[in-house]
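A.B. asks:
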Amino acid sequence: TLQDRYGNDLDTITGLKVENLEETSAYDAPELIDQYIEGQTITLEFDEELTGGALKKSLFKVKANGRRLKITDAVALKDETVVELTLKNEVPPAFDSILVTYRDIKGDQRKGVIQDLAGNDAEGFRNAELDFLA
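Read in order, the letters of the sequence shown correspond to residues 301 to 434 in the working numbering.
#1: Compute the Euclidean distance between the alpha carbons of R410 and L417, then round it to the nearest angstrom.
#2: Identify whether Y306 lies in helix, strand or coil by the three-state DSSP scheme.
#3: What is the residue span of the beta strand (DSSP E) that V318 lies within?
#4: Quick check on K370: does DSSP put it in helix, strand or coil?
#5: K363 lies in the beta strand (DSSP E); which residues open and close that run?
#6: Per DSSP, A428 is paired with what?
#7: Can you tell which of E319, L302, Y306, V362 has the C-alpha that lies nearest to the C-alpha of I313?
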């Protein structure tokens with residue numbers, strides 16, 4: 301029984317509407333909104349801030365004209381909306397298309413994956429075509 305300090309019982313409450321004040325966007329996974337390459341650096345931009353830190357390179361695949369390229373580093377920049385992938389070699393401008401794929405690990409991961417500040421893992425994506433920056 302709930303009582304005040306004087307021993308008075310709280311009356312029964314029924315049908316009380318409760319308002320959820322928590323922001324519902326905190327439950328949405330970050331979404332890829334732009335992707336481009338400049339030199340050896342691929343930049344993936346998301347729609348919200350990400351948890352910073354090293355990412356598992358094995359979760360990414362980069363292909364240029366069907367040839368797989370080696371990734372030497374993958375990092376989510378702290379308090380930014382950006383993931384940067386560093387390639388071993390610069391991609392020659394003669395390539396028609398460069399595609400990047402990200403595989404999300406099943407379950408909720410705490411590190412090594414792309415996630416927002418609320419801990420929501422980004423969904424995987426396939427063959428996102430990169431724009432070249434001059």
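Glycine included, each C-beta is placed from N, C-alpha and C at the ideal position.
C.D. replies: Judging by the given coordinates:
#1: Taking the sequence shown and counting its residues from 1, one reaches residue 410 at position 110. Taking the sequence shown and counting its residues from 1, one reaches residue 417 at position 117. Rounded to the nearest angstrom, the two C-alpha atoms are 11 Å apart.
#2: Your numbering for residue 306 matches position 6 in the sequence shown. In the displayed model, Y306 falls within coil according to three-state DSSP, outside both helix and strand.
#3: Start at 1 with the first residue of the sequence shown, and residue 318 comes out as number 18. Element bounds for V318: n/a, residue is neither H nor E.
#4: Position 70 of the sequence shown, counting from 1, holds the residue named residue 370. When DSSP states are grouped into helix, strand and coil, K370 belongs to the coil group.
#5: Here residue 363 is taken as the residue at index 63 of the sequence shown, counted from 1. Looking at the DSSP string, the run of the beta strand (DSSP E) that includes K363 is 360 to 364.
#6: Along the sequence shown, one-based indexing puts residue 428 at 128. DSSP lists V400 as partners of A428.
#7: The count along the sequence shown starts at 1 and reaches residue 313 at position 13. Among E319, L302, Y306, V362, the Cα nearest to that of I313 is on L302.
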